[in-house]
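Single-structure report; data block below.
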Amino acid sequence: MQAATYILTKVGWAGFTTNAIAERAGVNIGSLYQFFPNKEAVIAELQRRHAVETRSDLRKALQVLPEQPSLRKALTVVVEMIVEEHRAAPAVHKAIYDELPRTVRGLEEDKHQLRGEFLEVIRPLMQNVPDPDLATYLVGVAAHAVVHTVTAERPKLLGDPRFATELVTLLENYLCRTAPSQRDENA
Numbered sequence: 752m753q754a755a756t757y758i759l760t761k762v763g764w765a766g767f768t769t770n771a772i773a774e775r776a777g778v779n780i781g782s783l784y785q786f787f788p789n790k791e792a793v794i795a796e797l798q799r800r801h802a803v804e805t806r807s808d809l810r811k812a813l814q815v816l817p818e819q820p821s822l823r824k825a826l827t828v829v830v831e832m833i834v835e836e837h838r839a840a841p842a843v844h845k846a847i848y849d850e851l852p853r854t855v856r857g858l859e860e861d862k863h864q865l866r867g868e869f870l871e872v873i874r875p876l877m878q879n880v881p882d883p884d885l886a887t888y889l890v891g892v893a894a895h896a897v898v899h900t901v902t903a904e905r906p907k908l909l910g911d912p913r914f915a916t917e918l919v920t921l922l923e924n925y926l927c928r929t930a931p932s933q934r935d936e937n938a
């Protein structure tokens with residue numbers, strides 16, 4: 752897996768072949784094929800490992816969220832963790848999300864549980880959100896889309912602290928809304 756990660760990072764998807772992986776790893780191509788029939792299988796394994804690591808990091812972040820004094824601080828903990836995950840290896844993330852079909856990169860089994868745990872912690876911090884469950888789902892979708900688009904299109908932003916701050920602001924403003932009567936007065 753280290754050889755595969757190295758090739759994705761240094762050469763990119765175009766140079767990512769089973770022959771290149773075997774050569775970098777110093778193994779016979781036949782040995783590689785015993786475990787991975789093609790490069791998509793290698794990417795799927797990288798994705799599986801990434802998902803396990805990310806979920807572990809999310810669980811750690813969820814443990815400290817109740818200690819956060821505000822929604823902004825809670826969102827910052829989660830957003831900074833996600834951004835750091837992607838900053839470490841943007842080429843790998845880009846390959847996983849751009850090149851590997853969604854059906855192969857599945858692994859949805861505990862996403863719902865993590866979202867439920869996140870909702871439980873941030874629900875008391877939300878303001879004027881009519882459907883907290885839907886809002887939490889949309890926050891996850893939006894954060895995922897923003898981070899992966901930036902990873903693919905402008906990976907240098909992952910190292911810019913303004914990026915995480917702006918993403919937190921986006922999510923915070925969605926989860927802390929003005930009361931409907933205040934919106935009507937401002938319209």
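Per the numbering used here, the very first residue in the sequence shown carries number 752; after that it's consecutive. Glycine residues also receive a C-beta, built at the ideal position from the N, C-alpha and C atoms.
Kindly say whether residue i, judged by its beta-carbon, lies nearer than 7 Å to any beta-carbon of chain C.
{"i": "I772", "result": "Among the chains of the structure shown, chain C does not appear; only one protein chain is present."}
For a test of the three-state rule: what should DSSP assign to residue i, helix, strand or coil?
{"i": "Q798", "result": "helix"}
{"i": "Q819", "result": "coil"}
Apart from the five residues on each side of it in sequence, which residues of its chain come closer than 8 Å, Cβ to Cβ, to residue i?
{"i": "N779", "result": "A773"}
{"i": "V890", "result": "L922, Y925 and L926"}
When burial is assigned at 16 or more other CB atoms within 10 Å of the CB, is residue i buried or exposed?
{"i": "T920", "result": "exposed"}
{"i": "A930", "result": "exposed"}
{"i": "A839", "result": "exposed"}
{"i": "Q798", "result": "buried"}
{"i": "P912", "result": "exposed"}
Spatial neighbours of residue i within its chain, please: CB distance less than 6 Å, with the 5 preceding and 5 following residues excluded, ordered by chain position.
{"i": "N879", "result": "R928 and A930"}
Check this for me: beta carbons of residue i and residue j, under 7 Å apart or not?
{"i": "V834", "j": "L759", "result": "no"}
{"i": "A755", "j": "V793", "result": "yes"}
Q. Are the region 800 to 820 and the region 890 to 908 in contact at 8 Å, needing three or more beta carbon pairs?
A. no
Q) Is the region 814 to 831 touching the region 861 to 873, taking contact as three or more C-beta pairs under 8 Å? A) yes
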